[in-house]
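Listed in order, the protein sequences are those of chains A and B.
What the first sequence shows, in our numbering, is residues 1404 to 1515, in sequence order.
What the second sequence shows, in our numbering, is residues 73 to 186, in sequence order.
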Amino acid sequence: GEDVEQSLFLSVREGDSSVINCTYTDSSSTYLYWYKQEPGAGLQLLTYIFSNMDMKQDQRLTVLLNKKDKHLSLRIADTQTGDSAIYFCAETFSGGYNKLIFGAGTRLAVHP
Amino acid sequence: DAMVIQNPRYQVTQFGKPVTLSCSQTLNHNVMYWYQQKSSQAPKLLFHYYDKDFNNEADTPDNFQSRRPNTSFCFLDIRSPGLGDAAMYLCATSRAIQGANVLTFGAGSRLTVL
Chain A
1404 GEDVEQSLFL SVREGDSSVI NCTYTDSSST YLYWYKQEPG AGLQLLTYIF SNMDMKQDQR
1464 LTVLLNKKDK HLSLRIADTQ TGDSAIYFCA ETFSGGYNKL IFGAGTRLAV HP
Chain B
73 DAMVIQNPRY QVTQFGKPVT LSCSQTLNHN VMYWYQQKSS QAPKLLFHYY DKDFNNEADT
133 PDNFQSRRPN TSFCFLDIRS PGLGDAAMYL CATSRAIQGA NVLTFGAGSR LTVL
């Protein structure tokens, strides 16, 4: 089956860290992705991780992958108001040609 | 800048009146996708083109059709829009290579059905 689950909403204070969580079902997924969608815009790739890695860091972003639990997280350090957006987790579904299956997105609200 | 452009950004149509949404890309990517995104839901893949090969998702209604006349352009045709088809329609492209499938998205076309 193909399913990606995310919590719908997260509120954090400016300067704190944000952690957005995701669970997926396809244990054969080779890559997992985080996309960001700002109001009125399309989805923009933030980062991705290969399934044989358990962590990837890119400036303020840290991705953690727990393959045993099929759990992916995105940590944003020093969250800023410009980080307010919807964040989508996605997996590459092994059953179809590199098809990306998205979660419903987590809306991140950053307040002063 | 190389990019994915969708037109129109906003489309209002009447129930049952056909609609065509367009997508163009300057990335020379060989794969083009159409996703439907409803509020607070995951983007749902409708179909994709791998070069000229059309790949329909099993649960995509017959009401949705697509055309890709050349590498740069792809169209989404909704033959008889219903109220349930009101959504954001996202076009995306990628290059078919080994490794991560990185999609580049357009800004979307928001469809309203009256």
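Glycine included, each C-beta is placed from N, C-alpha and C at the ideal position.
None of these values were measured; they are calculated from a predicted model.
How would you list, in chain order, the residues of chain B whose beta-carbon sits under 7 Å from the beta-carbon of residue i?
i	result
residue 1502 (chain A)	117
residue 1411 (chain A)	112
Alpha carbon to alpha carbon, how far is residue j from residue i? Give it in angstroms, no decimals.
i	j	result
residue 1413 (chain A)	residue 1508 (chain A)	11 Å
residue 102 (chain B)	residue 143 (chain B)	7 Å
residue 1411 (chain A)	residue 1425 (chain A)	10 Å
residue 1419 (chain A)	residue 1465 (chain A)	14 Å
residue 135 (chain B)	residue 129 (chain B)	13 Å
residue 89 (chain B)	residue 151 (chain B)	7 Å
residue 1430 (chain A)	residue 1458 (chain A)	17 Å
residue 82 (chain B)	residue 138 (chain B)	19 Å
residue 119 (chain B)	residue 112 (chain B)	21 Å
residue 79 (chain B)	residue 172 (chain B)	28 Å
Out of the options, which one is the CA nearest neighbour of residue i?
i	options	result
residue 140 (chain B)	B:127, B:179, B:109 and B:108	B:127
residue 1503 (chain A)	A:1466, A:1444 and A:1448	A:1448
residue 1492 (chain A)	A:1442, A:1463 and A:1505	A:1505
residue 95 (chain B)	B:159, B:179, B:136 and B:145	B:145
residue 77 (chain B)	A:1420, A:1430, A:1444 and A:1418	A:1444
residue 179 (chain B)	B:91, B:86, B:87 and B:106	B:106
residue 124 (chain B)	B:177, B:81, B:168 and B:131	B:168
residue 97 (chain B)	B:122, B:165, B:171 and B:173	B:165
residue 99 (chain B)	B:75, B:156 and B:177	B:75
residue 121 (chain B)	B:104, B:114, B:133 and B:132	B:104
residue 1409 (chain A)	B:86, B:84, B:114 and B:91	B:114
CB residue i to CB residue j, shorter than 7 Å?
i	j	result
residue 1407 (chain A)	residue 1476 (chain A)	no
residue 1480 (chain A)	residue 1441 (chain A)	no
residue 109 (chain B)	residue 162 (chain B)	yes
residue 1484 (chain A)	residue 1433 (chain A)	no
residue 181 (chain B)	residue 93 (chain B)	yes
residue 175 (chain B)	residue 158 (chain B)	no
residue 1472 (chain A)	residue 1513 (chain A)	no
residue 1438 (chain A)	residue 1446 (chain A)	yes
Is residue i near the ligand FMN, with its Cβ less than 6 Å from a heavy atom?
i	result
residue 149 (chain B)	The ligand FMN is absent from the structure shown, which contains no ligands of any kind.
For residue i, return the contacting residues in chain B, with the cut-off set at a CB-CB distance below 8 Å.
i	result
residue 1488 (chain A)	What residue 1488 (chain A) touches in chain B: nothing, since even the nearest Cβ is about 13 Å away.
Please list, in chain order, the chain A residues whose beta carbon lies closer than 9 Å to that of residue i.
i	result
residue 136 (chain B)	Chain A residues near residue 136 (chain B): none, gap ~17 Å exceeds 9 Å.
Quick one: list the residues of chain A neighbouring residue i, beta-carbon separation under 7 Å, in chain order.
i	result
residue 180 (chain B)	1445
If the cut-off is 9 Å on Cβ atoms, which residues from the stretch 1417 to 1449 of chain A count as contacting chain B, listed in chain order? Of all residues in the stretch 1417 to 1449 of chain A, only 1433, 1434, 1436, 1438, 1440, 1443, 1444, 1445, 1446, 1447 and 1448 come within less than 9 Å of chain B when Cβ atoms are compared, listed by chain position.
Residues of the stretch 146 to 169 of chain B whose Cβ lies closer than 7 Å to any Cβ of chain A, in chain order: Hits within the stretch, in order: 162.
Scan the stretch 90 to 120 of chain B for residues whose Cβ lies nearer than 7 Å to a Cβ of chain A and list them as they occur along the chain. Listed in sequence order: 112, 113, 114, 115 and 117.
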